[in-house]
Amino acid sequence: MAELANCSRCGAVYVKALRDICQDCYTEEERAFQAVYSFLLNQNNRKATRTDIIDATGIEDWYITKFIREKRLLLSKFPNLSYPCETCGTGITSGKLCQDCQESIIKDLKREEELEMKAERYKKTSSVANTYYTLDKKNRK
Ligand SMILES: [Zn+2]
Ligand SMILES: [Zn+2]
31 MAELANCSRC
41 GAVYVKALRD
51 ICQDCYTEEE
61 RAFQAVYSFL
71 LNQNNRKATR
81 TDIIDATGIE
91 DWYITKFIRE
101 KRLLLSKFPN
111 LSYPCETCGT
121 GITSGKLCQD
131 CQESIIKDLK
141 REEELEMKAE
151 RYKKTSSVAN
161 TYYTLDKKNR
171 K
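Per my numbering, the very first residue in the sequence shown carries number 31; after that it's consecutive.
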């Protein structure tokens, strides 16, 4: 039996296949991709920026992000393309986050680690203290 789903883009009910979008949206997306790709294939447009592409093809901005994320548009081939950092929206060319956000995440992680280590150390010291205490009691006997 065919499984029905809602298109993740337009919400239309469609028969679920490999994609998470309906046939209409898929056709639309393919058209957008062809437009972007043929524009970029033109030797003069190799260094086009997002804005250039949007101006020239009239497609919506998020399509470009999607194509880059899906690696259909390779940033190695088109050096002036970028997509927004998931946290702050700065243009980036690799990964999910810009340098700044990456660093602040690493800093946060380190801080957490330090806190954990402190807690760990505290636990150790208190258990050591307890041991001494028990020993102490034993010795006193
Ligand atoms: Zn749809
Ligand atoms: Zn960022």
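C-beta atoms are modelled at their ideal positions from N, C-alpha and C, and glycine is treated no differently.
Counterpart residues of residue i in DSSP-defined beta bridges
i, result
"I122", "Y113"
"A35", "Y44"
Backbone secondary structure at residue i - three-state DSSP
i, result
"N74", "helix"
"A42", "coil"
"E90", "coil"
"S156", "helix"
"L104", "coil"
"L139", "helix"
"R61", "helix"
"D130", "helix"
Boundaries (first-last residue) of the alpha helix (DSSP H) holding residue i
i, result
"A86", "80–87"
Residue i classed as buried or exposed, judged by whether at least 16 other C-beta atoms fall within 10 angstroms
i, result
"Y113", "buried"
"T87", "buried"
"K66", "First, the amino acid is wrong: residue 66 is Val here, not Lys. The residue in question, V66, is buried, as its Cβ has 16 or more Cβ neighbours within 10 Å."
"Y93", "buried"
"C118", "exposed"
"I136", "exposed"
"C52", "buried"
"L70", "buried"
So which residues put a beta carbon under 6 Å from any heavy atom of ligand 2, going in chain order? Qualifying residues come out as C115, T117, C118, T120, L127, C128, D130, C131.
Sequence-ordered residues whose beta carbon comes within less than 6 Å of a heavy atom of ligand 1: Cβ-based neighbours of ligand 1 within the cut-off: C37, R39, C40, A42, I51, C52, D54, C55.
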